[in-house]
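The block underneath contains the structure these notes are about, expressed in structure tokens.
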Amino acid sequence: MKKVYEKTLSIVFSVFIILTMILSFAFGKNGMIETLVENKDAIMAYEPTEKYIKNTVSIAGKAFENGVFLKTEYVDLYGGIQKAFGKKVIWEADTSKTIMLGSDNKLYSSGNVSLNFKESEVNKDKLCGYGENIKSFAKYLNEKGCDLVVFLAPSRYDPDKVSLPCEISDNSKENVDYLYETIKDGESLTALNAQKLYAERSMDFGDMFYKTDHHWTVKTAFWAYAEICEALDSNCGYNIDSRYYDLNSFNVETLKGKYLGSYGARVGGLFVGYDDFDLIYPKFETDYTKSVCKNQNKRMETGGKIETSGSFTEAVFTDFDGIKSGKTKLTFGSYIAADRSEVRLVNRKSATDKKILIIKDSYALPTSAFLSTCFAETRLIDLRYLKDMSACEYIDNYNPDLVLILYNPGVYDDMFFDFGEEGR
Amino acid sequence: MVFSSSVFLFGFLPVALIFYYLVFKNSRTCQNVFLFIISIFFYAWGEPVFVLVMLLSILVNWFCALIMAKHGADLKRKKAWLIVGIVFDILVLFVFKYLNFFAENIGYLFSADLKLRKIALPIGISFFTFQAMSYIIDVYRGKKDFQKNPLYVGLYIALFPQLIAGPIVRYETVADQIQNREETWELFSNGTERFIVGLGKKAILANSLAVIADAAFSPNVPVFSMAWLGALAYTLQIFFDFSAYSDMAIGLGKMFGFKFEENFNRPYLSKSISDFWRRWHISMGTWFRDYVYFPLGGSREGKGRTIFNLFVVWLLTGLWHGANWTFIVWGLFYFVFISIEKLTKAESKIKFAPLGHIYTLFLVIIGWVLFRSDSIKYALSYIKSMFGFSGDFGLAKLYIKENAVILASSVIACLPIADFVKRFKKREAFYLTAKFICLLLILVISVSYIVKGTYNPFIYFNF
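Read top to bottom, the protein sequences are chains A and B.
Residue numbers for the first sequence follow this note's numbering, so the first one is 5 and each next one is one higher.
Residue numbers for the second sequence follow this note's numbering, so the first one is 20 and each next one is one higher.
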């Protein structure tokens, strides 16, 4: 018996690690290649220094880790074990990545804090400064005959309604309201406070967000889209055909229990479960060309572009059929593209012949996708990655009819409200 | 490369096993050359430049032993070459580990600006340097013959299982195994068991405890409750972290046919400080005993000399762990208590065992606070907080609640559960099946922690 045990244990262990290695290379190479492509610049910038060698080795290690066979299942198991242990906080060495379970059964990250103001109280001076920047920007746009809409997305964390196991100094909710107060009466701009609008419409706060992700749901993004369209009609005289922003004009396919957002991916699906994810696309006819810059940090002119043409499902989604069948990983960036410095959507069957520029972060992706049905051309710029040009300079070249600013309130930071010298 | 990483587990180790057992199975020389090459690769993965320092150390020590052997009976010349080798080893250690600290303190003493460019510490330098010294000393003492082939000296010093964090393997222990070892199913399965247990201790327990310890040992000294929780968590973390590495090293050694000596023997069950040091980091303790304490005269030359010898050993033990006053004070802290125990023969006087356990554990915990602190000032503030009985329990309560299972499991794992489990050995089929299932469970759970990418430092890498 002992001999059988010894042979079995030795063989099972050896086969387990050898098979995992082979299967990781066979099935996980996409994850490995993805990591290598992401770090292409660092790898290509060869220099015979210890720092370079160590960094390259570290990238190779990360690439391997990302390709481990059954990685998702292992992370799920990890989450299940933490749940079984009764844990509500998943600490990380990098405390900004710590994930905690709120009383509303949603995941929260202390990372929000690192992107938020460090002070425990609302930093009114900073917010006033951002407000002034927006107002100056509006003036600058007005001189060019361009409208400005600022849609202040709602905070996911409401300290009055949600309790967390650890205290975090996330002031997003107050920040949104305070910034709104500073700009609501600004000239030549339309400011929309989603928190206020939601309260006015007595909608359920809890349903606005995913439990495994920091983003709002696609349905909330659609609601925001409809609010923006209504505001454009009433404040800017756009007269957009209301069927363009009526959900009944769209197909809604719900992928039940298929979405694991960025927070969920850190703790595994068994910790709090998966979210449902809506694929919303027009019933009416569409004809698009989408151009996405190849390099996250470079505009199309300098870094090249990837073009896709076809209907909304064919062009606006990254891979509609793949997402539906489960072959392609479902992410919030399944709408349009993951964060890039610049994206362009040309819609040949739009509701208006106007051009829009959306200054955004990832929060705006589905909303932008829906807005693109109304505009002949929709461009998205992300000020985190647009390095060689300010928003004002970009506008000088593009000459849009409308500029929309839409950010996740968790990322309010100087770089998001610096629109360039001309706009000050 | 870290054992508890996907790259090691599903990259390095499978390749090593495939080549060792399938490709080179008929040639011991090829197996040894292969083990040496992958060991260098293993080290270079984390230290791509300092691997050259290790290779130089291997060559110099091999050369010194070679010359010593050539001088045969000429003891004077033999000793001279031994000194050359030891001076080289100590110099390497001094330059990379202590030069900055030394210059800083000399500068402070003489109010001079002696700040040097920061020299990075090569991973595991203390371990491979001590093994290198063990080689030339054992050859000098005639315990083992010198190795003609530098590659085998390299294999002894750089063998990947024990290269980075020990155990410090003595040359006399493995000299014969390099060419004459036997790989068996029993040894391999035993090695697998040790490796899996070590992996579990590291990935599941030590890494989780590290989160609590790191939270407590933050720049702001914690309040009473958190200070105690942090000290206890660190006490458990350092044991599971270091003993896990030793388990994995011993296990991996066995997988390739090597038998290393044990490094831990339930240290937290010790009844005295002297007992603790017979059970904790045994390979280092015996190294200092055989290569420093005994050559100095041990305890055979009177009380005064014994105390002096102990002082030297514990000063060096403290310094070995790092170039910081905290380590020196930590070493001297043990010197004081071991000297007292030796002089008063306290070990035999403690009749009530629990009292011995409590006394030992209390001092060990205080010792770890010194060890974990960045400065003496911080350590004193921390210890003060431990006895300050002030502040609230909120944070400690949260950490205890969140980590109750891990804390309880860790405490249980410090107890002699192996003895309890062995009672079932008579029911062989049940015992082996249960052991097999438990091991697989530990393996899969550990892999889930590793693949998820939890906090994963090895404390003893720094030494």
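By construction, the Cβ of each residue, glycine as well, lies at the ideal position given by its N, Cα and C atoms.
These numbers were taken from a predicted model, which means no experiment stands behind them.
Segment limits, alpha helix (DSSP H) that includes residue i
{"i": "Asn179/A", "result": "176 to 187"}
{"i": "Ser159/A", "result": "No alpha helix (DSSP H) contains Ser159/A, which DSSP labels as neither H nor E."}
{"i": "Ala342/A", "result": "Where Ala342/A is concerned, there is no enclosing alpha helix (DSSP H), given that its DSSP letter is neither H nor E."}
{"i": "Met36/A", "result": "33 to 42"}
{"i": "Ser354/A", "result": "Per DSSP, Ser354/A belongs to no alpha helix (DSSP H) and is neither H nor E."}
{"i": "Phe327/B", "result": "321 to 340"}
{"i": "Cys433/B", "result": "423 to 433"}
{"i": "Glu397/A", "result": "395 to 402"}
Rounded straight-line distance, which links the Cα of residue j to that of residue i
{"i": "Leu54/B", "j": "Gly210/B", "result": "17 angstroms"}
{"i": "Ser400/B", "j": "Phe408/B", "result": "13 angstroms"}
{"i": "Ala99/B", "j": "Leu374/B", "result": "50 angstroms"}
{"i": "Leu408/A", "j": "Phe68/A", "result": "41 angstroms"}
{"i": "Asn146/A", "j": "Lys294/A", "result": "28 angstroms"}
{"i": "Ile369/B", "j": "Ser318/B", "result": "22 angstroms"}
{"i": "Ala415/B", "j": "His218/A", "result": "28 angstroms"}
{"i": "Asn252/A", "j": "Asp280/A", "result": "20 angstroms"}
{"i": "Phe383/A", "j": "Ala269/A", "result": "According to the sequence as given, residue 383/A is Arg; it is not Phe. Going by the C-alpha atoms only, they are around 30 angstroms apart."}
{"i": "Lys58/A", "j": "Ser265/B", "result": "26 angstroms"}
{"i": "Tyr248/A", "j": "Ser329/A", "result": "28 angstroms"}
{"i": "Leu111/A", "j": "Tyr267/A", "result": "6 angstroms"}
{"i": "Phe147/B", "j": "Leu460/B", "result": "34 angstroms"}
{"i": "Ala88/A", "j": "Gly413/B", "result": "23 angstroms"}
{"i": "Asn70/A", "j": "Leu390/A", "result": "28 angstroms"}
{"i": "Asn412/A", "j": "Asp282/A", "result": "20 angstroms"}
{"i": "Tyr56/A", "j": "Ser291/B", "result": "49 angstroms"}
{"i": "Ser118/A", "j": "Ala268/B", "result": "Since pLDDT at Ser118/A reaches only 34, below the 50 mark, its modelled position is unreliable, and the value read off the structure follows with that caveat. If I take the Cα positions, the gap works out to 39 angstroms."}
{"i": "Phe27/B", "j": "Asp400/A", "result": "54 angstroms"}
{"i": "Asp323/A", "j": "Ser315/A", "result": "12 angstroms"}
{"i": "Arg442/B", "j": "Asn284/B", "result": "19 angstroms"}
{"i": "Gly410/B", "j": "Ala232/B", "result": "18 angstroms"}
Buried versus exposed, by CB contacts within 10 Å (16 or more), residue i
{"i": "Gln198/B", "result": "exposed"}
{"i": "Arg165/B", "result": "Going by the sequence as given, residue 165/B is Phe instead of Arg. Flag for Phe165/B reads buried."}
{"i": "Arg189/B", "result": "buried"}
{"i": "Glu421/B", "result": "buried"}
{"i": "Ala50/A", "result": "The displayed chain sequence assigns Tyr, not Ala, to residue 50/A. By the 10 Å Cβ count, Tyr50/A comes out exposed."}
{"i": "Ser159/A", "result": "buried"}
{"i": "Ile232/A", "result": "buried"}
{"i": "Ile357/B", "result": "buried"}
{"i": "Glu346/A", "result": "buried"}
{"i": "Gly149/A", "result": "exposed"}
{"i": "Pro238/B", "result": "exposed"}
{"i": "Pro286/B", "result": "buried"}
{"i": "Ser58/B", "result": "buried"}
{"i": "Met73/B", "result": "buried"}
{"i": "Gly161/B", "result": "exposed"}
{"i": "Arg446/B", "result": "exposed"}
Proximity winner among the options, relative to residue i (alpha-carbon distances)
{"i": "Glu2/A", "options": "Thr186/A, Asp45/A, Tyr182/A", "result": "Residue numbering for chain A in the displayed model covers 5 to 428; residue 2/A lies beyond these limits and cannot be assessed."}
{"i": "Trp220/A", "options": "Gly261/A, Gly265/A, Ala235/A", "result": "Gly265/A"}
{"i": "Cys396/A", "options": "Ser167/A, Ser28/A, Ile362/A, Gly414/A", "result": "Ile362/A"}
{"i": "Glu417/A", "options": "Gly133/A, Gln300/A, Ser329/A, Lys353/A", "result": "The sequence as given places Asp at residue 417/A; Glu does not occur at that position. Asp417/A has its Cα closest to that of Gly133/A, out of Gly133/A, Gln300/A, Ser329/A, Lys353/A."}
{"i": "Lys92/A", "options": "Val271/A, Tyr367/A, Thr99/A", "result": "Val271/A"}
{"i": "Val166/A", "options": "Ile21/A, Leu105/A, Thr224/A", "result": "Leu105/A"}
{"i": "Met419/A", "options": "Met5/A, Asp365/A, Phe379/A", "result": "Asp365/A"}
{"i": "Lys167/B", "options": "Leu78/B, Ser465/B, Met245/B", "result": "Leu78/B"}
{"i": "Val418/B", "options": "Glu205/B, Arg319/B, Ala234/B", "result": "Per the sequence shown, the amino acid found at residue 418/B is Tyr instead of Val. Ranking the options by Cα distance to Tyr418/B, first place goes to Ala234/B."}
{"i": "Glu305/A", "options": "Glu204/A, Ala341/A, Arg348/A", "result": "Arg348/A"}
{"i": "Ile21/A", "options": "Gly413/B, Ile215/B, Gln50/B, Lys445/B", "result": "Ile215/B"}
Range covered by the beta strand (DSSP E) that runs through residue i
{"i": "Pro286/A", "result": "279 to 286"}
{"i": "Gly104/B", "result": "From DSSP, Gly104/B is part of no beta strand (DSSP E) but of the alpha helix (DSSP H) over 94 to 112."}
{"i": "Leu196/A", "result": "194 to 197"}
{"i": "Thr99/A", "result": "Taken as a continuous stretch (DSSP letters only), Thr99/A belongs to no beta strand (DSSP E), as it is neither H nor E."}
{"i": "Tyr292/A", "result": "292 to 297"}
Contact belief for residue i with residue j at Cβ below 8 angstroms, rounded distance in angstroms
{"i": "Leu140/B", "j": "Lys116/B", "result": "6 angstroms"}
{"i": "Ser293/B", "j": "Glu202/B", "result": "Not really, about 38 angstroms apart at Cβ, beyond 8 angstroms."}
{"i": "Tyr468/B", "j": "Tyr214/A", "result": "The Cβ separation is near 25 angstroms, so there is no contact."}
{"i": "Gln300/A", "j": "Arg344/A", "result": "6 angstroms"}
{"i": "Ser429/B", "j": "Leu224/B", "result": "5 angstroms"}
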